[in-house]
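Residue numbers (the working numbering): 12 to 135.
Virtual Cβ for every residue (Gly too), placed ideally from N, Cα, C.
Read the structure below first, then the notes.
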Amino acid sequence: MQVEHEYRVCPFEEIPDGGGVLGIAGALEVGVFRRGSELYAYENRCAHEGGPVCTGELLGRTVQVLDEGREVTAEIFDENEMHLICPWHGWEYDLATGELACDRRFRLRRFEVSLRDGVVYVRA
């Protein structure tokens, strides 16, 4: 049985709103992301080919705008669902769930994250 430990990542104010930081949790590199007061933590390893997913960009979900003939006239970013984009091959993960946006069977390894006395901790 593997015993989990709690690891200090950084003070909360060091994580920009809409951004993230990398930290170490034992032998793992993790990314901790902030969206308002919500925190999310994932292993820095893409489900595709193991790329450094947590170094990628955070963007709103891409929504295509169609005309009456169902032709794409524009693409907009819907910030109600933020995606973490792997820099290696562009795999997009839902920030809130860690699931691959186009195939929810694939997901990032998620960790419990907590905030105490202004400091962010990850349990791994």
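Pairwise C-alpha distance: residue j and residue i
i      : j      : result
Thr84  : Val76  : 6 Å
Arg134 : Gly61  : 21 Å
Leu69  : Tyr18  : 24 Å
Val130 : Ala107 : 21 Å
Thr66  : Arg81  : 35 Å
His94  : Asp105 : 5 Å
Gly47  : Arg115 : 24 Å
Pro22  : Asp78  : 47 Å
Residues that DSSP places opposite residue i in a beta bridge
i      : result
Ser125 : Tyr132
Arg19  : Tyr132
Neighbour-count burial assignment, residue i, 16 or more Cβ in a 10 Å radius
i      : result
Glu54  : buried
Ala36  : buried
Gly109 : buried
Ile87  : exposed
Glu103 : buried
Gly30  : exposed
Proximal residues to residue i (C-beta, below 7 Å), its chain only, five neighbours per side dropped
i     : result
Asp89 : Gly71, Arg72, Val74
Leu39 : Glu54, Ala135
6 Å CB neighbourhood of residue i in its chain, flanking five on each side removed
i     : result
Asp28 : Arg45
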